[in-house]
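S.K.: Numbering (our numbering), first residue to last: 323 to 744.
Every residue gets a Cβ at the ideal spot worked out from N, C-alpha and C, and that includes glycine.
Just so we're clear, the structure is a prediction, and the values are computed from it rather than from any experiment.
Sending over a structure as structure tokens; questions will come in a sec.
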Amino acid sequence: MKASSHLEFLLKLKEFSDLRENPKYPQVITPCINRTYSILFAMIDQYLNLHPHMRLFHIGHDEVYYFLTNPACEEFQRLTGVSTQHELFAYHLSIIANYIREKNPNLSLFVWHDVLQNLNINILKKYQLMNVINPIVWSYREDISVEGFIVGSQANLFGQFKSLWGASAFKGATDEIATISDVKHYYENQVSWIQQLNSYIPTKWKNFDGVMLTGWSRYDHFLSLCELLPYSIPAMAFSLAAWKEPFKSLPRASLYSNSQLKEYIGKQLQCSSSIHLNIQEHANKLIPKCKFPGAAIYESMIFLVQLWIKVEEVESFVNRFVTDLHVKYNYIHLKRGEECLDKLTPIMNLLKKFIKSFQKSMDEVFSVQVAVEWLETYFMKRYRLINQKYEFIRRAVQEQRSWLPRPIPDTDKIHIIEKNKR
């Protein structure tokens, strides 16, 4: 549950805009207004009622970017004595955590580490957080040894909590608009975690209890969908296997040469050929036919990579003979236009076929709006541009029998439209 930041779904609405910590940005809820807690407590109650038997409750608190900027915070500071952003964070976290513990004392509460790590031990003890919350230190890099919680003083701090967890990733952690990704990246993330924990658990992190393998669908409520879950099932399988014996104890070797692991994953996912380990393999290797749930989406994503390569080859040919100027002034070389049509027609058929098959596969897994959003974000703009040129060539080849005299355009300047500057 988001209990501090990433509350865009709520704070973007006009009726809750007064609860924004920064009135301009709907990311962080303010601790300075009582109504904040009425709403968050109601949300917590819904979670507890929906999951009466849960043992673990994640309450977020990551990426809190704004502090003490709501107009109500001035009076709040006067009444509470809270004077710094770090203390405000601890104050808010303690209220949320204590409310949940009053409702269910047996719940383990998880909090992301990235803001928490800025609190000193005195503030943590003042708000009695050391034995109430369990930090999750997260890193999705191929090499996590550079993280502050590994190389900095935070490593010692996190070792003092009652319980400590880590978080790795299998999807949605390489780029805001990544639709495809390297299995290798996420596998290396797991291997790096294993290496660090092997040295830290016996020394600084004796309180370490486990790792959560995370998969993200958006970087932010307002941003686009990134790697889809069905496409990322192979990455998840490799990531989970990295923690499993015998693979966990094997000497570190290149994923590409680990035939035992690749064979194991192939059998688990029931694939006809080797899973692609990086994006480059999508372009030039046979598409694996697999039988895991959502495999049709996985295959569609790889097919699209190969289809765009074919599109680029055809566009390279077509753009030699049909430019924007030809389209604008209805001016075409008929023979070359016919050659362009011969190349464009099968490509257009493949693009249309992809739309239908992709939507069908997606609708079996997601609500129908997800396929539409994905296509509008990553496919339709390019498709419309290709289709626009295709339709122009098709119409011109059929209809054009006379042409304007050159020069085209018959003008001596380019007209630039500028809006009035304020």
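#1: Return the CA-CA distance between residue 556 and residue 332, expressed in angstroms with no decimal places.
#2: Could you please give the first and the last residue of the uninterrupted beta strand (DSSP E) stretch that includes residue 493?
#3: Would you check if the distance between the CB atom of residue 370 and the CB atom of residue 412 is smaller than 8 angstroms?
#4: Span of the alpha helix (DSSP H) holding residue 699?
#5: Mind reading off the beta-carbon distance from residue 687 to residue 552? Whole number of angstroms is fine, and I expect it under 8 angstroms.
#6: Compare the beta carbon distance of residue 506 and residue 600 with 8 angstroms and say whether it is the shorter of the two.
#7: Which partner residues of residue 534 appear in the DSSP bridge assignment?
#8: Quick one: any contact between the stretch 539-550 and the stretch 324-338, if contact means 3 or more CB pairs under 8 angstroms?
#9: Span of the beta strand (DSSP E) holding residue 660?
#10: Using the three-state DSSP reduction, which class does residue 507 fall into: helix, strand or coil?
#11: By alpha-carbon positions, which one of 348, 365, 356 ends up nearest to residue 325?
#12: Expressed to the nearest angstrom, what Euclidean distance is found between the alpha-carbon atoms of residue 508 and residue 627?
#13: Nearest to residue 418 by CA position, among 399, 372, 449, 670, is which residue?
#14: Using beta-carbon positions only, say whether residue 437 and residue 388 come within less than 8 angstroms of one another.
#15: If I measure Cβ to Cβ from residue 423 and keep anything under 8 angstroms in the same chain, skipping five residues before and after, which residues do I get?
#16: Using the rule of at least 16 other Cβ atoms within 10 Å of the residue's Cβ for burial, across every protein chain shown, is residue 403 buried or exposed?
#17: Thinking C-alpha only, which one of 323, 670, 504 is nearest residue 602?
#18: Only counting the same chain, and skipping five residues up and downstream in sequence, which positions put a Cβ closer than 8 angstroms to that of residue 631?
#19: Going by DSSP in three states, residue 357 sits in which element: helix, strand or coil?
#20: Fully enclosed by the stretch 536-575, which alpha helix (DSSP H) runs are 4 residues long or longer?
#21: Starting from the C-beta of residue 395, find all residues in its chain whose C-beta is less than 6 angstroms away, skip the five residues before and the five after it, and write them out in chain order.
#22: State the DSSP-derived secondary structure class of residue 643, mapped to helix, strand or coil.
#23: Run the CB neighbour count on residue 640, radius 10 Å, all protein chains shown included, and call it buried at 16 or more, exposed below.
#24: Grab the span of the beta strand (DSSP E) containing residue 349 for me, first residue to last.
#25: By Cβ distance below 6 angstroms, which residues in the same chain neighbour residue 378 in space, the five residues on each side in sequence not counted?
#26: To the nearest whole angstrom, what separates the beta carbons of residue 577 and residue 530, a pair I think is in contact under 8 angstroms?
#27: Determine the burial state of residue 511: buried for a count of at least 16 other Cβ atoms within 10 Å of its Cβ, exposed for fewer.
#28: Using CA coordinates, which residue listed in 376, 372, 356 is at the minimum distance from residue 401?
#29: Report the start-end ranges of each alpha helix (DSSP H) in the stretch 583-615 that is 4 residues or longer and not cut off at the edges.
#30: Taking the CB atoms as reference points, tell me whether residue 618 and residue 683 lie closer together than 8 angstroms.
#31: Taking 8 angstroms as the threshold (C-beta atoms), are residue 535 and residue 571 in contact?
#32: Does residue 723 come out as helix, strand or coil in the three-state DSSP assignment?
#33: Buried or exposed: residue 342, going by 16 or more other Cβ atoms within 10 Å of its Cβ?
M.R.: According to the structure shown:
#1: What you label residue 556 is simply residue 234 of the sequence shown in a count that begins at 1. What you label residue 332 is simply residue 10 of the sequence shown in a count that begins at 1. One C-alpha to the other measures close to 34 angstroms.
#2: Against the sequence shown, residue 493 aligns to sequence position 171. 486-493 is the extent of the beta strand (DSSP E) around residue 493.
#3: By 1-based counting over the sequence shown, the position of residue 370 is 48. By 1-based counting over the sequence shown, the position of residue 412 is 90. No.
#4: The sequence position of residue 699 within the sequence shown is 377, counting from 1. It spans 690-700 - the alpha helix (DSSP H) in which residue 699 sits, taken as one unbroken run.
#5: For the purposes of this step, residue 687 is taken as residue 365 along the sequence shown, with counting starting at 1. For the purposes of this step, residue 552 is taken as residue 230 along the sequence shown, with counting starting at 1. Right, their Cβ atoms sit about 6 angstroms apart.
#6: Residue numbering aside, residue 506 sits at position 184 when the sequence shown is read from its first letter. Residue numbering aside, residue 600 sits at position 278 when the sequence shown is read from its first letter. Yes, the Cβ-Cβ distance between residue 506 and residue 600 is below 8 angstroms.
#7: Residue 534 sits at position 212 when you count from the first residue of the sequence shown. Bridge partners of residue 534: 489.
#8: yes
#9: Taking the first residue of the sequence shown as 1, we reach residue 660 at position 338. Note, residue 660: premise wrong, no beta strand (DSSP E); alpha helix (DSSP H) at 656-685.
#10: Walking along the sequence shown from the start, residue 507 turns up at place 185. Reduced to three states, the DSSP call for residue 507 is helix.
#11: As a working note, residue 325 is residue 3 in the sequence shown. Closest by alpha carbon: 365.
#12: Residue numbering aside, residue 508 sits at position 186 when the sequence shown is read from its first letter. Residue numbering aside, residue 627 sits at position 305 when the sequence shown is read from its first letter. Cα to Cα, the separation comes out at about 20 angstroms.
#13: Stepping through the sequence shown from its first residue, residue 418 is reached at position 96. Of 399, 372, 449, 670, the residue nearest in Cα terms is 449.
#14: Reading the sequence shown from its first residue, position 115 is the one you call residue 437. Reading the sequence shown from its first residue, position 66 is the one you call residue 388. No, Cβ-Cβ distance for residue 437 and residue 388 is not below 8 angstroms.
#15: Along the sequence shown, one-based indexing puts residue 423 at 101. So the qualifying residues of the chain are 429, 431, 454.
#16: For the purposes of this step, residue 403 is taken as residue 81 along the sequence shown, with counting starting at 1. Exposed, because fewer than 16 other Cβ atoms sit within 10 Å of the Cβ of residue 403.
#17: To locate residue 602, count along the sequence shown from 1; it is residue 280. Out of 323, 670, 504, 504 has the C-alpha closest to the C-alpha of residue 602.
#18: Here residue 631 refers to the residue found at position 309 of the sequence shown. Cβ within range, chain order: 605.
#19: By 1-based counting over the sequence shown, the position of residue 357 is 35. Three-state result, residue 357: helix.
#20: 551-564
#21: Indexing the sequence shown from 1 puts residue 395 at position 73. Taken in chain order, the residues that qualify are 354.
#22: What you label residue 643 is simply residue 321 of the sequence shown in a count that begins at 1. It is helical.
#23: Mapped onto the sequence shown, residue 640 falls at position 318. It is buried - the Cβ of residue 640 has at least 16 other Cβ atoms within 10 Å.
#24: Your numbering for residue 349 matches position 27 in the sequence shown. Taken as a continuous stretch (DSSP letters only), the beta strand (DSSP E) holding residue 349 covers 347-351.
#25: Taking the first residue of the sequence shown as 1, we reach residue 378 at position 56. Taken in chain order, the residues that qualify are 430.
#26: Here the question's residue 577 lines up with position 255 in the sequence shown. Here the question's residue 530 lines up with position 208 in the sequence shown. The Cβ separation is near 25 angstroms, so there is no contact.
#27: Position 189 of the sequence shown, counting from 1, holds the residue named residue 511. By the 10 Å Cβ count, residue 511 comes out buried.
#28: Translated into the one-based positions of the sequence shown, residue 401 becomes position 79. Of the listed residues, the one whose Cα sits closest to residue 401 is 356.
#29: 601-606
#30: On the sequence shown, position 296 is the one that residue 618 refers to. On the sequence shown, position 361 is the one that residue 683 refers to. Yes.
#31: Stepping through the sequence shown from its first residue, residue 571 is reached at position 249. Stepping through the sequence shown from its first residue, residue 535 is reached at position 213. No, the pair does not count as a contact, with Cβ atoms beyond the cut-off.
#32: What you label residue 723 is simply residue 401 of the sequence shown in a count that begins at 1. Residue 723 falls in the coil class under three-state DSSP.
#33: Within the sequence shown, residue 342 is the residue found at index 20, counting from 1. Residue 342 is buried by the Cβ-count criterion.
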